[in-house]
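Numbering (mature numbering (1 follows the signal peptide of the UniProt record, and there is no 0)), first residue to last: -19 to -1, 1 to 182. We treat Cβ as the ideally placed atom computed from N, Cα and C, and that holds for glycine. This one's a predicted model, so the numbers in the text were calculated from it and none came from an experiment. Read the structure below first, then the notes.
Below is the structure:
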């Protein structure tokens, strides 16, 4: 009985620590057909489109599932999604980054920020760059990226903004946000694992 309780407690802590907060992080909603849908202006599931982007399907190979986003339509685009956060909590944003290789510039620049409102000033932000010069539509060179921020409100907007001119910008896919476990939680996980191994041996 004690063994089952211990397993349950450890499992619940692990699930809580790894619960993703982003919905539609692989941009499968709306489900499009063909190569792409240009200059999306309406919502993509819970993502608000604040400046037009292209939703990509068969035009190139996505990083995760079928669809991804070119953060430029006719010019730099911007999208945002709100998540519930704990004030003072540390959060990690993860996503896959590439770039539309069709047209210059080769370097695709992207800003990831957090704000209290969708179009508000950033509380914090970080700029990423991707070199698309040696990529093509069958080999996009998707790269794992991450960034951490400390929440200052109970609702936080996750904002992606292209900093690239022209119609071919940075591409994103497989977006998620997770609460980074506090040291005490990590200690609990470690002790739980040690106790579990002792109980099972």
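- Within 10 angstroms of the beta-carbon of residue 114 lie fewer than 16 other beta-carbons, which makes it exposed.
- Looking at the backbone, the Cα of residue 82 and that of residue 51 are separated by about 11 Å.
- Under the DSSP assignment, residue 142 falls in the beta strand (DSSP E) whose first and last residues are 136 to 143.
- Cβ neighbours of residue 24 within its own chain (closer than 7 Å, five residues either side excluded): 30.
- For the pair residue 47 and residue 78, the Cα-to-Cα distance works out to about 15 Å.
- In summary, residue 88 is exposed, with fewer than 16 beta-carbon neighbours lying within 10 Å of its beta-carbon over all protein chains present.
- Judged by DSSP in its simplified three-state form, residue 164 adopts helix.
- Assignment of residue 94 by DSSP, reduced to helix, strand and coil, places it in the strand class.
- Within a 10 Å sphere around the beta-carbon of residue 62 sit 16 or more other beta-carbons, which makes this residue buried.
- Shown here for residue 10: same chain residues with a beta carbon closer than 7 Å to its own, the five before and five after excluded, namely 25 and 26 in chain order.
- Under DSSP, the beta-bridge partners assigned to residue 105 are 95.
- When the alpha-carbon of residue 108 is set against those of 22, 126, 1 and 28, the nearest one is in 126.
- Residues of the same chain with a CB within less than 7 Å of the CB of residue 117, apart from the 5 flanking positions on each side, are 82 in chain order.
- Residue nearest to residue 138 within the set 130, 144 and 161 is 130 (criterion: CA-CA distance).
- Taking the Cα of residue 85 as reference, the smallest distance to any Cα among 49, 53, 162 and 160 is reached at 53.
- Residue pairing of residue 80 in beta bridges, as defined by DSSP: 151.
- The DSSP assignment places 17 to 21, 29 to 32, 34 to 37, 49 to 51, 59 to 65 and 71 to 80 as complete runs of the beta strand (DSSP E) inside the region 14 to 92, in order along the chain (cut-off: 3 residues).
- Taking C-beta separations shorter than 6 Å and ignoring five residues to either side along the sequence, the partners of residue 97 in its chain run 134, following chain order.
- Here residue 40 really is in contact with residue 16; their C-beta atoms are around 4 Å apart, less than 8 Å.
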